[in-house]
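Participant:
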Ligand code: KG4
Ligand code: ZN
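Residue numbers (UniProt numbering): 3 to 344.
1) Tell me where the alpha helix (DSSP H) around residue 233 begins and ends.
2) Terminal residues of the continuous alpha helix (DSSP H) containing residue 329?
3) So which residues put a beta carbon under 5 Å from any heavy atom of ligand 2, going in chain order?
4) Could you say which of 269, 239, 206 and 12 lies nearest to residue 257 if we only look at CA atoms?
5) Among 43, 23, 41 and 18, which has the Cα closest to the Cα of residue 34?
6) Quick check on residue 11: does DSSP put it in helix, strand or coil?
7) If I'm right that residue 1 touches residue 172 with Cβ under 8 Å, what's the distance once you round it to whole angstroms?
8) Considering only DSSP beta bridges, list what residue 151 is partnered with.
9) Quickly, what does DSSP pair residue 22 with across the bridge? List them, please.
10) Looking at the structure shown, is residue 145 part of a helix, part of a strand, or coil, going by DSSP?
11) Rounded to whole angstroms, what is the Cα-Cα separation between residue 242 and residue 175?
12) So, using beta-carbon positions, are residue 44 and residue 341 closer together than 8 Å?
13) Work out the CA separation of residue 4 and residue 163 for me, nearest whole Å.
14) Using the rule of at least 16 other Cβ atoms within 10 Å of the residue's Cβ for burial, across every protein chain shown, is residue 296 buried or exposed?
15) Report yes or no: do the segment 111-129 and the segment 319-326 share at least 3 C-beta pairs separated by less than 8 Å?
16) Residue 314: buried (16+ other C-beta within 10 angstroms of its C-beta) or exposed?
17) Assuming residue 72 contacts residue 318 (C-beta within less than 8 Å), just tell me the rounded distance between them.
18) Check this for me: beta carbons of residue 178 and residue 104, under 8 Å apart or not?
19) Taking residue 132 as the reference, give the member of 280, 126 and 272 with the closest Cα.
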């Protein structure tokens, strides 16, 4: 079997990622993040992200080529995230990828960011079989997918109808006076807290919602409920029990994410679940996913964190699968598509 050398570029949000694979072997995965620049705004600022990508793309590319120990000329194909994501940010990666493809006279593959997250598993030691359910949770997306074939049959089962789960972590952290990004802060604050102290709402899990939104998520009501609860305590002159609030909030997010993911496994008769996205760093997500997987007889796969958060290696891995499946490359007239469907 031919093992194509593929370079992948990812710039859909605040990570500038360049990865290189040979077939399903990972050779390099270099990431530059502009996270720190967004911290004082409490969330990713699109213009700041785009500008940071412009500055980071060349050094990140050079670092990836050096890490892989290859010559750019040897690359067989370029893959790039074309969407979904922030338009200005995506455009930087798309522009860079096209420039490389033209200069090197190599084929280019425009790929979907969410499918890329699933592609991350290809370079792991023991890739999942298909079909599999995939739950992708980050600051920008919360999506549940069924993957029957990575390069041809990926279907969106559901997604958030308002905030992404990571966004909810970031907003609740702010309510509790914790810095950005909120996920790791809430994780830390929740240590020693009682996850049952406060029963926060599980969005879209009431029987009436489940009919229409069985696999969809909603986190804005939860965020508001936490803010109200904290406000009421403060107004009553009581000290806010930060650990209990953080633990109870985190429990509500984890519960609804995993309940729906495992429901999809059961409904579709698919005993495999892949997790991806930055929120998968969450200690409670990992622990509870493992517990429920053991009970349900589901094979659970959580790639290493460097392949869960946005990165170029997953895009390169997906590109290599497309090449090996004999897919036609993209014509050069594609652009950034911020709302690209799966
Ligand atoms: O995938 P990612 O690095 O970037 C995108 O958003 O695309 O994910 C970042 C998100 C942020 O919202 C951050 O708060 C969240 O992932 N996050 C966490 C944890 N670490 C990062 N959420 C919950 N628990 C964590 N430990
Ligand atoms: Zn992502």
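We put the CB at the ideal spot given by N, CA and C, even for glycine.
Source: prediction; values computed, not measured.
Facilitator: Walking through what the data contain:
1) Your numbering for residue 233 matches position 231 in the chain shown. It spans 222-237 - the alpha helix (DSSP H) in which residue 233 sits, taken as one unbroken run.
2) For this step, residue 329 is matched to residue 327 along the chain shown. Where residue 329 is concerned, there is no enclosing alpha helix (DSSP H), given that its DSSP letter is neither H nor E.
3) 140 and 312
4) Within the chain shown, residue 257 is the residue found at index 255, counting from 1. That would be 206, whose Cα lies nearest to the Cα of residue 257.
5) If you number the chain shown from 1, residue 34 lands on position 32. Checking every option, the nearest Cα to that of residue 34 belongs to 18.
6) Translated into positions along the chain shown, residue 11 becomes position 9. Residue state, collapsed to three classes: strand.
7) In the structure as shown, the chain starts at 3 and stops at 344, and residue 1 therefore has no counterpart that could be examined.
8) Residue 151 sits at position 149 when you count from the first residue of the chain shown. Per DSSP, 155.
9) Within the chain shown, the letter at position 20 stands for residue 22. 9 and 30.
10) Within the chain shown, residue 145 is the residue found at index 143, counting from 1. Three-state DSSP puts residue 145 in a strand.
11) The residue you call residue 242 lines up with position 240 of the chain shown. The residue you call residue 175 lines up with position 173 of the chain shown. Using only the alpha carbons, I get a separation of about 13 Å.
12) The residue labelled residue 44 in the question sits at position 42 within the chain shown. The residue labelled residue 341 in the question sits at position 339 within the chain shown. No, Cβ-Cβ distance for residue 44 and residue 341 is not below 8 Å.
13) For this step, residue 163 is matched to residue 161 along the chain shown. For this step, residue 4 is matched to residue 2 along the chain shown. Using only the alpha carbons, I get a separation of about 42 Å.
14) One-based indexing of the chain shown puts residue 296 at position 294. Answer is exposed; the Cβ neighbour count stays below 16.
15) yes
16) Taking the first residue of the chain shown as 1, we reach residue 314 at position 312. Flag for residue 314 reads buried.
17) Translated into positions along the chain shown, residue 72 becomes position 70. Translated into positions along the chain shown, residue 318 becomes position 316. Contact doesn't hold; Cβ gap of about 12 Å is too wide.
18) By 1-based counting over the chain shown, the position of residue 178 is 176. By 1-based counting over the chain shown, the position of residue 104 is 102. No, Cβ-Cβ distance for residue 178 and residue 104 is not below 8 Å.
19) Position 130 of the chain shown, counted from the start, is the residue given in the question as residue 132. Of the candidates 280, 126 and 272, the one whose C-alpha sits nearest the C-alpha of residue 132 is 272.
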